[in-house]
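Notes to accompany the following structure.
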Amino acid sequence: MPDESWWAGLRTSAWWMDEVGLTKPIASGRVASDDLKNHEPVNKGVIIIGGGPAGLLAALQLHKSNGLSPVVYEIRQKPTTLGGAVGIPSNGLRLLHRLGLYDEVAAKGALTPKLVLHALKGCVMGEMDLSSWSKQQTGFGYMRIQRTDLMDILIGAAKQADIQVRYAKVLQRIEENDDKVTVHFADGTVDTADFLLGCDGIHSAVRRLYVDPKCKPEYTGFSNMFSLVPTENLTPAASSVRTLSATLTANGLFALTPTTPNCDLLYWFFSREIPLPAIGDVRDGWEERGKNESDNFKSTLLDLLGHERSEWTDMVREVLHNTKSVQFYPIYKIPRGRPWSRGRCLVIGDAAHAMPPHASQGVSMALEDVFLLSKLLRSDVPSIADGLLAYEAKRKQRTEQMLDAAERNGSVRKQTAPWRLRASELAISGGLWVYKMAGLEKLGLGQKPLAYDIEEEEF
113 MPDESWWAGL RTSAWWMDEV GLTKPIASGR VASDDLKNHE PVNKGVIIIG GGPAGLLAAL
173 QLHKSNGLSP VVYEIRQKPT TLGGAVGIPS NGLRLLHRLG LYDEVAAKGA LTPKLVLHAL
233 KGCVMGEMDL SSWSKQQTGF GYMRIQRTDL MDILIGAAKQ ADIQVRYAKV LQRIEENDDK
293 VTVHFADGTV DTADFLLGCD GIHSAVRRLY VDPKCKPEYT GFSNMFSLVP TENLTPAASS
353 VRTLSATLTA NGLFALTPTT PNCDLLYWFF SREIPLPAIG DVRDGWEERG KNESDNFKST
413 LLDLLGHERS EWTDMVREVL HNTKSVQFYP IYKIPRGRPW SRGRCLVIGD AAHAMPPHAS
473 QGVSMALEDV FLLSKLLRSD VPSIADGLLA YEAKRKQRTE QMLDAAERNG SVRKQTAPWR
533 LRASELAISG GLWVYKMAGL EKLGLGQKPL AYDIEEEEF
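In structure tokens form, the structure reads like this:
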């Protein structure tokens, strides 16, 4: 176990900076002379691997609340433009507000306070409130925003805070001693800091190379297709969509939702069971499967709608006909019970607990991770070992609760016989009627986890 003196130094670096008037933490690594020419500046307590939402949120919170100046390293050549839209419920929006980012997010995203479920024939089976109770508790509802818009906001905030984000950095090796942790990149550069944070997603290099090399992401059996469609060329019915609207089919779930404040951009996704490629769980197999799914998405979905005619099914057909391209991705998760830390290294977000998107908690779970880590660094926990054990215990209980919810939500996407689909529609319709007539939304049914406040946790 490393000497714990670095732990106290990392926790108190912000205080020391104020005392001496420095603009950066005091942490500095000892660099071998042979590495000096390729060594990145050693001027911060934390290195962050991964420049997606989790990494940028971590950098912003550690800078804002802990006085640290992390450097973020991203494997891609530039900020990614991939992705459709992400849902951020009350628990995540409250934390974005505390980061000072809520107003910018609200200016780009769409509030979607309810779910409207349609039968395959098009009739409305019922509605479910997504956020009224949790909004009463937190002050924030449920929002859907383009991933690229969210990334633009986070990158802009990082620039404003003078947080460095360095691209085209392929992590190759991690080394640790009693004083520091050092990372080596494929371009020959090296960097050293007190602590390493792995925010590099489900296929995390930090986890694979160092924290938990034996951990292998597991395919959930489900895959998603999705796209974004402007409403400017659609009929008024499509342009007036203000909620998350969905329909079950015999082969999966189709959903449609706005992603902008004026609802001029719709996000749709189709989630269903798809087996592993014949050549196994490898990139080539998934690329071929994804191409086939993308090439045939219109016929696949239109066949599922059949000959049913209604305002809803006609609108779905119109949206599909106006879809220019789709993206496909298989949904993986991290097995439960795996370690998240080793020595001076911790993985957070999808790198630690990637889960199916069926509960819309990916960004919110990363935010909760970041805020709890920030609180840990401000606490009186005497050692990194004690601190990270307490961190994992608190976070694993919470993330497993959300994983359970995601898996329950995912069960309706399973392939089923047409008669079973009809039976499910009747059961869901009856359940939603009871939900409405009994006023269960007023009791917070299904929304209590969204009112959870990570900052109420204590170390």
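With this note's numbering as the guide, the letters of the sequence shown map in order to residues 113 to 571. Note that the Cβ used here is the ideal one computed from N, Cα and C, for glycine as well. Here the structure is a predicted model, which is why all the values come from computation and not from measurement.
Test item: CB-CB of residue i and residue j under 7 angstroms
i, j, result
"Ile286", "Val277", "no"
"Arg525", "Phe334", "yes"
"Gly551", "Cys311", "no"
"Ser486", "Ser177", "yes"
"Ala539", "His470", "no"
"Arg456", "Phe307", "yes"
"Leu346", "Leu377", "no"
"Arg384", "Gly364", "yes"
"Gly196", "Tyr444", "no"
"Gly343", "Ala350", "The question names Gly, but residue 343 in the sequence shown is Thr. Closer than 7 angstroms, so yes."
"Leu533", "Ala362", "yes"
"Arg425", "Gly234", "Here the sequence assigns Thr to residue 425, which means Arg is not the residue at that position. Yes, these two residues count as a Cβ contact at 7 angstroms."
"Met240", "Leu227", "yes"
"Glu569", "Lys508", "no"
"Leu321", "Val158", "no"
"Leu413", "Leu432", "yes"
"Val459", "Phe571", "no"
"Ala463", "Arg319", "yes"
"Glu405", "Trp452", "no"
"Ile160", "Val198", "no"
"Glu512", "Ile566", "no"
"Leu223", "Tyr214", "no"
Residues that residue i bridges to, as DSSP identifies them
i, result
"Ser357", "Val228 and Leu368"
"Ala222", "Arg256"
"Pro469", "DSSP, once it has assigned bridges, lists no residue as partnering Pro469."
"Lys445", "Glu330"
"Glu288", "Val293"
"Thr84", "Look at the range of the chain in this structure, 113 to 571, and you will see that residue 84 is not part of it."
"Cys235", "For Cys235, which the question treats as bridged, DSSP gives no partner whatsoever."
"Tyr185", "Ile161 and Arg278"
"Leu382", "Note on residue identity: the sequence assigns Phe, not Leu, to residue 382. Per DSSP, Met337 and Phe366."
"Gln439", "Phe338"
"Ala197", "Gln258"
"Met240", "Leu227"
"Arg454", "Cys457"
"Gly310", "Ile161 and Val459"
Which listed residue (the options) has its alpha carbon closest to that of residue i
i, options, result
"Ser357", "Tyr331, Pro225, Pro451 and Ser177", "Pro225"
"Val482", "Leu500, Val493 and Pro469", "Leu500"
"Trp245", "Asp407, Asn203 and Ile257", "Asn203"
"Asp290", "Ala280, Thr304, Thr412 and Val282", "Thr304"
"Leu283", "Lys292, Thr301, Asp274 and Ala273", "Thr301"
"Asp324", "Pro447, Ile160, Glu480 and Arg507", "Pro447"
"Val546", "His230, Ile160 and Gly238", "Gly238"
"Leu417", "Pro389, Ser472, Phe382 and Glu405", "Phe382"
"Lys190", "Arg210, His209 and Gly164", "Gly164"
"Asp516", "Pro561, Leu489 and Lys548", "Pro561"
"His465", "Glu330, Asn374, Leu168 and Gln559", "Glu330"
Cβ neighbour criterion (16 or more within 10 Å) applied to residue i
i, result
"Pro370", "buried"
"Met467", "buried"
"Asn408", "exposed"
"Tyr279", "exposed"
"Ile391", "exposed"
"Pro530", "exposed"
"Asp75", "The requested residue 75 does not occur in the structure, where the chain is confined to residues 113 to 571."
"Ser316", "buried"
"Asn336", "buried"
"Ala166", "buried"
"Trp188", "It should be pointed out that residue 188 corresponds to Arg in this sequence rather than to Trp. Classification for Arg188: exposed."
"Glu423", "exposed"
"His230", "buried"
"Met255", "buried"
"Ser125", "At Ser125 the pLDDT is 45, less than 50, meaning the model places this residue with poor confidence; the figure from the coordinates comes in the next sentence. It is buried - the Cβ of Ser125 has at least 16 other Cβ atoms within 10 Å."
"His419", "exposed"
"Gly251", "exposed"
"Ser472", "buried"
"Ser181", "buried"
"Val348", "According to the sequence provided, residue 348 is Pro. The question's Val does not apply to it. Per the 10 Å Cβ criterion, exposed."
"Met549", "exposed"
"Asp146", "Bear in mind that a pLDDT of 38 at Asp146, under 50, signals an unreliable position, so the model cannot answer this."
Closer than 6 angstroms: residue i CB and nearest the ligand PLP heavy atom
i, result
"Leu552", "The model on display carries no ligand, and the ligand PLP is accordingly not part of it."
Segment contact, 8 angstroms Cβ cut-off, at least three pairs: the region 189-203 with the region 471-478: Yes: the two stretches touch, three or more of their Cβ pairs being nearer than 8 angstroms.
The region 436-443 touching the region 399-407, judged by at least three CB pairs closer than 8 angstroms: By the Cβ test, the region 436-443 is in contact with the region 399-407, since at least three Cβ pairs between them sit closer than 8 angstroms.
Inter-stretch contact at 8 angstroms, needing at least 3 Cβ pairs: the region 265-276 / the region 169-185: These segments touch.
Inter-stretch contact (C-beta, 8 angstroms, three-pair minimum) for the region 254-266 and the region 210-220: Pairwise C-beta distances place the region 254-266 in contact with the region 210-220, as three or more of them are shorter than 8 angstroms.
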